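**Q** For the sequence shown, this note's numbering assigns the number 5 to the initial residue and increments by one for each residue that follows.
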Amino acid sequence: MDIYTDVLVIGTGVSGLYSALNLREDLKITMISKGKIDQCNTALAQGGISVARGTNDIDLFVNDTLKAGSYKNDINAVKILAEESMENIDALCKMDFDFDRDNDELSYTREGAHSINRIVHYKDKTGKKLEETLLKQIPSRKNITIFENCTMLDILKKDNVCAGALCIKDDIQFNIHAKITIMAAGGIGGLFRNSTNQKILTADGVAVALKNNIKVKNLGYIQFHPTAFFNSNEHERKFLISESVRGEGGKLINCNGNRFVDELLPRDVVTKYIYEEEKNTHTSNVYLDVTFMEEEFLKNRFPTIYKKCLENGINISKEPIPVSPAQHYFMGGIEVDTFGKTSMENLFAFGECSCTGVHGANRLASNSLLEALVFSKRGTKKINKNISNIPMINIDSPSLNYDKKYYEDLNNKIFIESLVKERGDIKNELVNC
Ligand SMILES: Cc1cc2nc3c(=O)[nH]c(=O)nc-3n(C[C@H](O)[C@H](O)[C@H](O)COP(=O)(O)OP(=O)(O)OC[C@H]3O[C@@H](n4cnc5c(N)ncnc54)[C@H](O)[C@@H]3O)c2cc1C
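Next comes the structure, spelled out in structure tokens:
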């Protein structure tokens with residue numbers, strides 16, 4: 005049952021969907037998602053999407069991003085991110101994305117390490133709204149077909165040219181042959197004991213890149229979010245208490261009720277202070293206090309967080325929220341240029357599985373959804389222009405003899421070995437390590 009398509013998109017989060025929607029409508033596009041269509045980190049994003057507040061804000065936005073990233077960022081990519089941010093938010097507005105507004109103007113909030121308010125949002129469910137908005141566009145695009153619960157096990161290639169992917173769905177393995185393949189397979193949190201990520205996201209894109217000698221970059225750059233709801237069960241995904249709660253004035257306090265850090269410092273710095281405070285006070289968590297805010301405001305501005313905490317026995321308007329850091333985001337990934345092009349011909353990578361270099365060593369809050377939008381838009385423009393000259397390479401998959409578990413174990417092993425080589429200190433944070 006091999007499939008032939010112009011473009012194969014691996015992943016149905018923001019980077020996969022936005023790519024598909026920006027590709028030419030005369031191209032046959034096949035998308036796959038490992039789990040259900042919206043089982044992705046995109047749908048979990050709470051805080052929002054950064055955007056420059058006009059051309060006057062570009063330099064400041066670039067500086068904030070560089071500073072948060074410890075100046076390890078690719079400055080050219082950061083400039084592109086800031087310069088092209090506004091047109092992509094406009095594009096979402098044209099798709100009727102229902103951003104929160106103050107009167108008729110977009111409402112901008114602030115998050116850690118941003119100098120000004122420049123985060124557009126939809127309550128505390130920006131990602132869910134974004135996923136829904138993009139998915140709503142798909143039925144009108146008859147050229148796009150999506151297969152759920154379909155896992156990419158490896159890519160197909162001839163020499164250094166990508167020709168699609170080996171996939172499995174309902175225990176049946178088959179090849180999807182494609183002129184262009186887009187890797188939009190997301191992050192790595194599923195490999196960690198404590199992570200805010202979807203458990204199914206296990207670095208598959210990067211592992212397959214490593215296996216096929218495709219260049220990767222900055223594997224050691226992993227972001228731990230300072231404030232995940234504290235829960236000692238390592239089998240459960242950790243629920244995020246968004247940065248925007250601190251942006252709106254939430255205070256971090258220790259078990260004695262004392263503040264110990266400026267809450268709006270970059271994530272890696274706040275995380276470091278929390279770990280130190282937990283160590284000094286011999287506790288496993290600290291607290292995020294919003295009890296001084298009006299309950300109605302909290303219910304309206306943070307409905308998901310309010311509800312989720314209540315389900316866990318905490319009324320956030322009356323008690324501080326127990327929080328501790330958890331793995332959250334992967335700044336490294338498949339090395340790409342500013343059009344998402346990888347070191348393998350006909351293979352692009354967008355979103356969290358890619359490394360454009362915009363985040364440096366530490367991602368500035370709300371820059372991830374923006375990165376996915378900006379670079380997938382740029383990459384698809386290039387694909388639209390060039391695809392007519394790209395032939396279909398029909399090759400047989402050499403590896404149909406192995407089962408799914410073989411590939412999954414191999415991919416996990418390859419990624420973890422490379423990661424631990426760069427970051428021996430996080431070995432204990434990994435599952436099965
Ligand atoms: C709790 C939480 C809150 C966040 N809040 C924000 C925020 O407010 N602002 C912000 O900018 N960023 C935020 N982020 C980060 C941001 O959500 C992600 O980085 C971004 O959504 C990644 O998008 P993506 O398209 O690259 O990957 P995802 O949205 O994670 O999608 C990955 C896709 O790849 C598919 N896939 C993976 N492996 C395979 C495989 N082997 N075969 C087939 N398909 C596969 C998955 O099924 C999925 O469809 C948050 C992240 C989390 C976890």
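Even glycine gets a Cβ: it sits at the ideal position worked out from N, Cα and C. Predicted, not measured: the structure shown is a model, and the values here were computed from it.
Shortest alpha-carbon distance to Ser493 belongs to which of Arg197, Phe233, Ala182, Asp94?
**A** Missing from the structure shown is residue 493; the chain here goes from 5 to 437 and no further.
**Q** If you follow the alpha helix (DSSP H) that Asn92 is in, where does it begin and where does it stop?
**A** Position 88 of the sequence shown, counting from 1, holds the residue named residue 92. From DSSP, the alpha helix (DSSP H) with Asn92 extends over 89-98.
**Q** Based on the DSSP output, what are the partners of His181 in its beta bridges?
**A** By 1-based counting over the sequence shown, the position of residue 181 is 177. Answer by DSSP bridge pairing, in chain order: Tyr8, Gly168.
**Q** Does the beta carbon of Gly344 fall short of 7 Å from some heavy atom of ligand 1?
**A** For this step, residue 344 is matched to residue 340 along the sequence shown. It does not: the Cβ of Gly344 is nowhere closer than 7 Å to a heavy atom of ligand 1.
**Q** Which residues does DSSP list as the beta-bridge partners of Cys359?
**A** Walking along the sequence shown from the start, residue 359 turns up at place 355. According to DSSP, Cys359 bridges with Glu339.
**Q** Tell whether a beta-carbon distance below 8 Å holds between Phe65 and Arg122.
**A** If you number the sequence shown from 1, residue 65 lands on position 61. If you number the sequence shown from 1, residue 122 lands on position 118. Yes. Within cutoff.
**Q** Smallest Cα separation from Gly337: which of Glu349, Pro326, Ser321, Val362?
**A** One-based indexing of the sequence shown puts residue 337 at position 333. Among Glu349, Pro326, Ser321, Val362, the Cα nearest to that of Gly337 is on Val362.
**Q** Take the Cβ of Asn52 as the centre, count every other Cβ of all protein chains shown within 10 Å, and call the residue buried at 16 or more, exposed below.
**A** Along the sequence shown, read from residue 1 onward, the residue named residue 52 stands at position 48. A small fix is needed here, since residue 52 is Gly in this sequence, not Asn. Flag for Gly52 reads buried.
**Q** What span of residues does the alpha helix (DSSP H) with Ala24 cover, start to end?
**A** Numbered from 1 along the sequence shown, position 20 holds the residue referred to as residue 24. Run containing Ala24: 18-26, per the alpha helix (DSSP H) assignment.
**Q** Which residue marks the beginning of the beta strand (DSSP E) containing Gln331, and which one marks its end?
**A** Taking the sequence shown and counting its residues from 1, the one referred to as residue 331 is at position 327. That run of the beta strand (DSSP E) goes 325-334.
**Q** Taking 8 Å as the cut-off, does the segment 343-352 touch the segment 171-191 (at least 3 CB pairs, one atom from each stretch)?
**A** Enough Cβ pairs lie closer than 8 Å, so yes.
**Q** So, with DSSP's three-state summary, where would you put Val13?
**A** The residue given as residue 13 occupies position 9 in the sequence shown. The answer is strand: DSSP assigns Val13 an E or B state.
**Q** Would Leu269 and Arg263 be called neighbours here (beta carbons separated by less than 8 Å)?
**A** For the purposes of this step, residue 269 is taken as the residue at position 265 of the sequence shown. For the purposes of this step, residue 263 is taken as the residue at position 259 of the sequence shown. Going by C-beta atoms, Leu269 is not nearer than 8 Å to Arg263.
**Q** Should Lys38 be listed as close to ligand 1, given that the test is whether its C-beta is under 7 Å from any heavy atom?
**A** As a working mapping, residue 38 is identified with position 34 in the sequence shown. Answer for Lys38: yes, Cβ within range of ligand 1.
**Q** Give a yes or no on contact between the segment 135-154 and the segment 202-221, applying the rule of three or more CB pairs nearer than 8 Å.
**A** Touching, no, given that fewer than three Cβ pairs across the two stretches are closer than 8 Å.
**Q** Nearest CA to the CA of Val11: which residue from Ala95, Asn80, Ser392?
**A** Looking up residue 11 in the sequence shown gives position 7. That would be Ser392, whose Cα lies nearest to the Cα of Val11.
**Q** Confirm the yes/no value for this check: CB of Glu252, any heavy atom of ligand 1, distance under 7 Å.
**A** By 1-based counting over the sequence shown, the position of residue 252 is 248. No; taking the cut-off as 7 Å, the Cβ of Glu252 has no heavy atom of ligand 1 nearer than that.
**Q** Using DSSP's beta-bridge definition, name the partner residues of Leu292.
**A** Within the sequence shown, residue 292 is the residue found at index 288, counting from 1. Answer is Leu256, Ile325.
**Q** Give the single residue among Ile325, Val290, Lys242 whose Cα lies nearest to the Cα of Cys259.
**A** Taking the sequence shown and counting its residues from 1, one reaches residue 259 at position 255. Cα-wise, what sits closest to Cys259 is Val290.
**Q** If you drop the 5 nearest sequence neighbours on each side, which residues of the same chain put their C-beta closer than 7 Å to that of Val435?
**A** Looking up residue 435 in the sequence shown gives position 431. Cβ within range, chain order: Leu195, Phe196, Arg197.
**Q** Cβ atoms of Thr59 and Met35: under 8 Å apart, would you say?
**A** In the sequence shown, residue 35 corresponds to position 31, counting from 1. In the sequence shown, residue 59 corresponds to position 55, counting from 1. Contact flag unset, no.
**Q** In or out: Phe460 buried (at least 16 other Cβ within 10 Å) or exposed?
**A** Outside the displayed span of the chain (5 to 437) sits residue 460, for which this structure offers no information.
**Q** List in chain order: all unbroken beta strand (DSSP E) runs of 3+ residues lying wholly within the segment 68-143.
**A** Listed in chain order, nothing qualifies, since the segment 68-143 has no complete beta strand (DSSP E) run of 3 or more residues.
**Q** Kindly identify the DSSP beta-bridge partner or partners of His239.
**A** To locate residue 239, count along the sequence shown from 1; it is residue 235. According to DSSP, which records beta bridges pairwise, His239 is partnered with nothing at all.
**Q** Going by CA-CA distance only, name the one from Phe243, Tyr277, Leu374, Phe334 that's closest to Lys312.
**A** Taking the sequence shown and counting its residues from 1, the one referred to as residue 312 is at position 308. Of the candidates Phe243, Tyr277, Leu374, Phe334, the one whose C-alpha sits nearest the C-alpha of Lys312 is Phe243.
**Q** Tell me the rounded alpha-carbon separation between Lys98 and Asn92.
**A** For the purposes of this step, residue 98 is taken as the residue at position 94 of the sequence shown. For the purposes of this step, residue 92 is taken as the residue at position 88 of the sequence shown. Straight-line Cα distance between these residues: approximately 10 Å.
**Q** In the DSSP assignment, find the unbroken beta strand (DSSP E) run with Ala353 in it and report its ends.
**A** Residue numbering aside, residue 353 sits at position 349 when the sequence shown is read from its first letter. Its beta strand (DSSP E) spans residues 351-353.
**Q** Please state whether the Cβ-Cβ distance between Glu135 and Thr200 is less than 8 Å.
**A** Locating residue 135 in the sequence shown gives position 131, counting from the first residue. Locating residue 200 in the sequence shown gives position 196, counting from the first residue. Contact flag unset, no.
**Q** Is Ser372 helix, strand or coil when you go by DSSP?
**A** Indexing the sequence shown from 1 puts residue 372 at position 368. Helix, per DSSP.
**Q** Which class does Cys313 belong to by DSSP, given the choice of helix, strand or coil?
**A** Looking up residue 313 in the sequence shown gives position 309. Helix at Cys313.
**Q** According to DSSP, simplified to helix, strand and coil, what is Ala232?
**A** On the sequence shown, residue 232 is found 228 positions in, with the first residue counted as 1. Ala232: strand per DSSP, three-state reduction.
**Q** Taking the DSSP output, what are the residues bridged to Arg305?
**A** In the sequence shown, the residue the question calls residue 305 occupies position 301. DSSP output for Arg305 lists no bridge partner at all.
**Q** Check whether the Cβ of Glu339 lies closer than 7 Å to any heavy atom of ligand 1, and answer yes or no.
**A** Sequence index remark: in the sequence shown, residue 339 carries index 335 (1-based). Incorrect: Glu339 has no Cβ contact closer than 7 Å to ligand 1.
**Q** Leaving out five residues before and five after Ser37 in sequence, what residues of the same chain have Cβ atoms less than 8 Å from its Cβ?
**A** Mapped onto the sequence shown, residue 37 falls at position 33. The residues are Gly15, Thr16, Gly20, Gln43, Cys44, Ile150, Phe151, Glu152, Asn153, Cys154.
**Q** Is it the case that the Cβ atoms of Leu70 and Asn77 are separated by a distance below 8 Å?
**A** Sequence index remark: in the sequence shown, residue 70 carries index 66 (1-based). Sequence index remark: in the sequence shown, residue 77 carries index 73 (1-based). Going by C-beta atoms, Leu70 is nearer than 8 Å to Asn77.
**Q** State yes or no: is the C-beta of Asn371 nearer than 7 Å to some heavy atom of ligand 1?
**A** One-based indexing of the sequence shown puts residue 371 at position 367. Flag set: Cβ of Asn371 near ligand 1.
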